[in-house]
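Following: one structure in structure tokens, then a few remarks.
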Amino acid sequence: MPSFQPLEKQLTDRVRAAVATLSPDAPLDRVNVERSKAGRGSDFQCAAAMQLTKVLKRNPRQIAQEIVDALELDGLAVPDIAGPGFIGFTASAETLRAQYAAQLSDDRLGAPQSDGSTVVIDFSSPNVAKRMHIGHIRSTIIGDALRRFGLFLGHAVIGDNHIGDWGTQFGQLIYGWNTWRDEAAFEADPVGELERIYVKFHAEADEALHDASRAELAKLQAGDPENLALWQMMIDSSRHAFDQVYDRLDVRFDHTFGESHYNAMLQPLITELLDSGIAVEDEGAAVVFFKDDEGEDTMTPFLVRKKDGAALYATTDVATILYRQAHWTPSRLIYVTDMRQQLHFQQLFATVQLMGIDDIALDHVWFGMMSLPEGSFSTRKGNVIRLDELLDEAEARARAVLVDRVRDDFSEAEMDELASIIGIGAVKYADLSNNPQSNVVFSFDKMLSFEGNTAPYLQYTSARTHSLVRRAAEKGLEADGTTIRIDDEAERALLLHLFDFGRSVQVAWEQGKPNLMATFLYELATKYHRWWAACPVLKDGVEPELTASRLNLNALAQRVLVQGLGLLGIRSPERM
Ligand code: ARG
361 MPSFQPLEKQ
371 LTDRVRAAVA
381 TLSPDAPLDR
391 VNVERSKAGR
401 GSDFQCAAAM
411 QLTKVLKRNP
421 RQIAQEIVDA
431 LELDGLAVPD
441 IAGPGFIGFT
451 ASAETLRAQY
461 AAQLSDDRLG
471 APQSDGSTVV
481 IDFSSPNVAK
491 RMHIGHIRST
501 IIGDALRRFG
511 LFLGHAVIGD
521 NHIGDWGTQF
531 GQLIYGWNTW
541 RDEAAFEADP
551 VGELERIYVK
561 FHAEADEALH
571 DASRAELAKL
581 QAGDPENLAL
591 WQMMIDSSRH
601 AFDQVYDRLD
611 VRFDHTFGES
621 HYNAMLQPLI
631 TELLDSGIAV
641 EDEGAAVVFF
651 KDDEGEDTMT
661 PFLVRKKDGA
671 ALYATTDVAT
681 ILYRQAHWTP
691 SRLIYVTDMR
701 QQLHFQQLFA
711 TVQLMGIDDI
721 ALDHVWFGMM
731 SLPEGSFSTR
741 KGNVIRLDEL
751 LDEAEARARA
761 VLVDRVRDDF
771 SEAEMDELAS
781 IIGIGAVKYA
791 DLSNNPQSNV
801 VFSFDKMLSF
811 EGNTAPYLQY
821 TSARTHSLVR
831 RAAEKGLEAD
841 GTTIRIDDEA
851 ERALLLHLFD
861 FGRSVQVAWE
871 QGKPNLMATF
881 LYELATKYHR
891 WWAACPVLKD
901 GVEPELTASR
911 LNLNALAQRV
921 LVQGLGLLGI
931 RSPERM
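The opening position of the sequence shown corresponds to residue 361 in the working numbering, with each subsequent residue numbered one higher.
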């Protein structure tokens, strides 16, 4: 079977070979063929002629003609020249057939195979003894999508949930637990009770309370068995609550080491940083300065030890990189957090570079804030929007929308299942379809709409592909996996878009932008519906060869759509 090579790539190679015959000095790496914009009249285009005028000292139209004359296309595509010197390419029927066959026979639908290197993704990472709330949703959902992209491209991906399970808050929690605990409340809702204690501490905190909590923290750090047991109990009950949310979201981690895992590394690390001169003592604290040649600060200094000798979040993050490097030798390390941590990660990355770590690509995928429009969601407890309640609400609203829409007869259990697939899918997609770096205003009405760039629209499209398969089966027909005949413009547009799947996954992964995958899928759905309207499949009078070809196109569209949604962590129902 032929392996899948994107047509842009095949054409780029041929144009480069042609350009090389015109001049040995031509900068070939700048010569590229891309998909044409809609309405351009060709499938692909190349702007090389305009870029080469300086080297070749001729006008671009003339250069374009010389390139076309030197091209050896072997029937791959038909070239044309347009405007000031754009070379256009229209793929031949033979090429479309071969490309279709190559994509169809590929388990990974034409996605490129990575070098298999290890990539660590640090995501979700909530803090213990607090409920996950709407602020954690983006890290969890974006991180999980990136994890799926990386695995699909053939990387060894390690998802590490770096939970906040250490720090001053544990002195406060232990003090509060000993003083104010309500065992029955804890029994019923452990994290709720811990959160209440934490909030109460901060409401009542005075000097005496702070001293008492510091004493509890010191006992914990010294290994006092009672405090250690309390601390462990708080972690276990929090993790149990987090796991319930992860299960509903179908999010998995390979490790949940958490900050405390690195405690033993911290003091030796500080000593090492000071000994090597990377950090300096500053009134008892240890600080990493970032200076240019003139001795001016290029960035805010990074505090790695407080005056009282305590290590910090920052110190733990340096230790964590050393640990990950030693145990996993990753080629890339991705952190998914909100925008407020940008400076922290710039400082962290600069610090480990000073330590000589230069063979790991360090990426901070930061995201903007997520908010709800006023009054769209009723919270029972104050103004913190709880993630579990948000998911409940999404499922309930999805069910209400479905009751109005669905014509098939579904059992109650099937309706529940469908409401969950659509409600959870809608929440994820509302996040993932936005550029991570923009703020998202969450609207249930918008995300659950069956029109526009939403999960239900894509899921409905997938269900439509299935319904066509079912109706064909009733007539004894099914996709044969070979026949491809492209008669209609809508058909050509759909097929060429399907070919672009692998490149889209690759770019979304490299840039840390799941929204690029969402855009690909939305365009796929739009093109599918246009094709559906223009190209009858089972209608009387359609030639059998066209029916066969269209069933094949439908099958490929279905596979790509289901796979693409799956890469976003979204399920595709077969009926809805
Ligand atoms: N626990 C932190 C928070 O809630 C996020 C941790 C991100 N990961 C890291 N290695 N710093 O803000």
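Each residue gets a CB set at the ideal place from its N, CA and C atoms; glycine is no exception. This structure is a prediction, so every number in the text was calculated from the model and none was measured.
Bridge-paired residues (DSSP) for residue i
i           : result
residue 487 : 524
residue 731 : 801
residue 659 : 650
residue 746 : 493
residue 440 : 448
residue 406 : 393, 447
residue 615 : 520
residue 641 : 646
residue 466 : Per DSSP, none; premise fails for residue 466.
residue 723 : 694
residue 665 : 646
Neighbourhood of residue i by C-beta distance below 8 Å, restricted to the same chain and skipping five residues each side
i           : result
residue 862 : 364, 366, 468, 469, 470, 471, 472
residue 797 : 699, 726, 727, 728
residue 741 : The predicted model places residue 741 with a pLDDT of 43, which falls under 50 and marks its position as unreliable; any figure quoted below should be read in that light. Contacts found: none.
residue 499 : 483, 484, 485, 696, 697, 698, 727
residue 888 : 821, 824, 825, 854, 917, 921
Own chain, CB closer than 6 Å to residue i, minus 5 neighbours either side, in chain order
i           : result
residue 373 : none
residue 377 : none
residue 444 : 420
residue 882 : 813
residue 658 : 650, 652
residue 478 : 516, 688, 690
residue 866 : 472
residue 795 : 875
Cβ-Cβ distance between residue i and residue j below 9 Å
i           : j           : result
residue 630 : residue 665 : yes
residue 449 : residue 371 : yes
residue 464 : residue 530 : no
residue 595 : residue 788 : no
residue 943 : residue 927 : For residue 943 there is no data in the structure shown, the boundaries of the chain being 361 and 936.
residue 936 : residue 782 : yes
residue 520 : residue 691 : no
residue 532 : residue 558 : yes
residue 621 : residue 535 : no
residue 625 : residue 679 : yes
residue 694 : residue 480 : yes
residue 604 : residue 776 : no
residue 611 : residue 501 : yes
residue 427 : residue 393 : no
residue 885 : residue 808 : no
residue 732 : residue 802 : yes
residue 701 : residue 648 : no
residue 804 : residue 754 : yes
residue 403 : residue 852 : yes
residue 667 : residue 643 : yes
residue 941 : residue 628 : The structure shown does not extend to residue 941, since the chain is modelled only from 361 to 936, so the question has no answer here.
residue 456 : residue 911 : no
residue 839 : residue 894 : no
Enclosing alpha helix (DSSP H) for residue i [first to last residue]
i           : result
residue 915 : 904–927
residue 870 : 861–871
residue 587 : 585–609
residue 785 : 772–792
residue 811 : Element bounds for residue 811: n/a, residue is neither H nor E.
residue 687 : 673–688
residue 934 : Segment: none, residue 934 is in no alpha helix (DSSP H) and carries neither H nor E.
Residue range of the unbroken beta strand (DSSP E) whose run includes residue i
i           : result
residue 695 : 692–698
residue 571 : Premise fails: residue 571 lies in the alpha helix (DSSP H), 567–581, not in any beta strand (DSSP E).
residue 481 : 478–482
Own chain residues within Cβ distance below 7 Å of residue i, not counting five before or after
i           : result
residue 746 : 491, 493
residue 385 : 415
residue 459 : 367, 859
residue 703 : 660
residue 452 : 435, 436, 437, 438
residue 623 : 526
residue 705 : 695, 724
residue 845 : 905, 906, 909
Within-9 Å CB hit, residue i to chain E
i           : result
residue 542 : Looking at the structure shown, chain E is missing, and only one protein chain is on hand.
Check: residue i C-beta below 8 Å from any heavy atom of the ligand SAH
i           : result
residue 819 : With respect to small molecules bound, the structure shown includes the ligand ARG and not the ligand SAH.
Environment of the ligand ARG in chain order, Cβ to heavy atom below 7 Å: Cβ atoms closer than 7 Å to the ligand ARG belong to 482, 485, 486, 487, 522, 523, 524, 673, 677, 680, 695, 697, 701.
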